[in-house]
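Below you'll find the structure, written out as structure tokens, and then a few comments.
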Amino acid sequence: MAVMSKQDPSPAFVETVQEIMRLYRSLPPRPSIEDVAAAKPVLKTVENEEKIKLEEISMERPHEDVFDAAEGVGHGGVGVVEA
Numbered sequence: 059m060a061v062m063s064k065q066d067p068s069p070a071f072v073e074t075v076q077e078i079m080r081l082y083r084s085l086p087p088r089p090s091i092e093d094v095a096a097a098k099p100v101l102k103t104v105e106n107e108e109k110i111k112l113e114e115i116s117m118e119r120p121h122e123d124v125f126d127a128a129e130g131v132g133h134g135g136v137g138v139v140e141a
């Protein structure tokens, strides 16, 4: 079993503990259980909306001019696309 000495803690130790306590007191209060429970469905809805948007974007087809320009760049030249 460890024996505690009656010696005063070092100034560095005291300063470190004070800094930790200052940081702890500066934290915002924890949300209540009710707040967390209410936020879960909101987060799920937002997540589903983002998933739908990403799926829609992934199904979009780029315009053919994009492929023509990319092909020109791929061959070392810069493709000029006229509209």
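With the working numbering, letter number 31 in the sequence shown gets 89, and the count goes up by one each step, no holes. The beta carbon of each residue, even a glycine, is placed where N, CA and C say it ideally should be.
For Q65, the three-state secondary structure derived from DSSP is coil.
DSSP, reduced to helix, strand and coil, places E118 outside both helices and strands of the structure shown, so it counts as coil. Residue state for S90 is assigned as coil, using DSSP reduced to three classes.
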